[in-house]
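Protein chains in written order, with our numbering: chain L, 193 to 292; chain X, 2 to 134.
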């Protein structure tokens, strides 16, 4: 079996790629993709430790995490639509105030 | 002339160094930590069936696991709420309604009241080239 360290290393890499995207990009759609990468890095950890302990809880929990990620994307895309409608752009640095 | 996708490098990538540094720290920590041998599931274990049983609190699975029935219901409600929220956000209001007046952030009402022309103050620099995003 593959040692659990490699799964953790993969998850850390995916998480840091997502963090890199969030820190360097200004496009809201790329923001959403980066957040998805970070969420799925957590899923890799859950599944890896599920196999490590021989227990199915981690895999079940990762299913729920994926459902929550889908809900988050639905709301996120709605917010991006409103952002575009109000600012004519989806640059996240344009929206500086909660109300204008 | 054809163009090909290029990697945009520049100073806007500098904050990303934090992410690279975090990866280095995590990698060093993970590789130095000691884990025992993984137990694994065994060759002929019905993992998918066990996940299904665990999801509905049925103690019939071959692999041990906790029950997730309450989480299942909560996620169902959350997905419902998210769907409604997304529709609410994406819905285009009809012209003339009170909500439509505020759909642009109230700019039109403000412009009418103050007599300003309809320019937006969202992008003072006028940078709409989509440059290095």
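We put the beta carbon where it would ideally sit given N, CA and C, even for glycine.
Contact note: residue 51 of chain X reaches chain L through 248, using a C-beta cutoff of 8 angstroms and chain order. By the rule that beta-carbons nearer than 9 angstroms mark a contact, residue 44 of chain X does not touch chain L. Chain X places no beta carbon closer than 9 angstroms to that of residue 234 of chain L, leaving this residue out of the contacts. Only residues of its own chain outside the window of five on either side were considered, and among them none has a CB closer than 8 angstroms to the CB of residue 76 of chain X. For residue 23 of chain X, the nearest beta carbon of chain L is closer than 9 angstroms to its own beta carbon.
With fewer than 16 other beta carbons inside 10 angstroms of its own, residue 30 of chain X counts as exposed. Pairwise C-beta distances place the segment 260–277 of chain L in contact with the segment 84–91 of chain X, as three or more of them are shorter than 8 angstroms. DSSP links residue 283 of chain L through a beta bridge to L:219. Proximity of chain X to residue 243 of chain L at the Cβ level (cut-off 7 angstroms) is accounted for by 39, 41, 42, in chain order. With the rule of 3 Cβ pairs closer than 8 angstroms, the segment 214–234 of chain L does not count as touching the segment 45–55 of chain X. Excluding residues up to 5 positions away in sequence, 46, 47, 51 lie with their Cβ nearer than 7 angstroms to the Cβ of residue 63 of chain X in the same chain. Taking a Cβ-Cβ threshold of 8 angstroms, the residues of chain X close to residue 215 of chain L are 16, 17, 19, 20, in chain order. Look at residue 194 of chain L here: in three-state DSSP terms it is coil, with no helix or strand label.
Contact between the segment 35–42 of chain X and the segment 11–25 of chain X is absent: fewer than three C-beta pairs spanning the two stretches fall below 8 angstroms. Its Cα nearest to that of residue 38 of chain X, the residue L:245 stands out among L:220, L:245, L:232, L:221. In the DSSP assignment, residue 108 of chain X falls within the unbroken alpha helix (DSSP H) covering 108–115.
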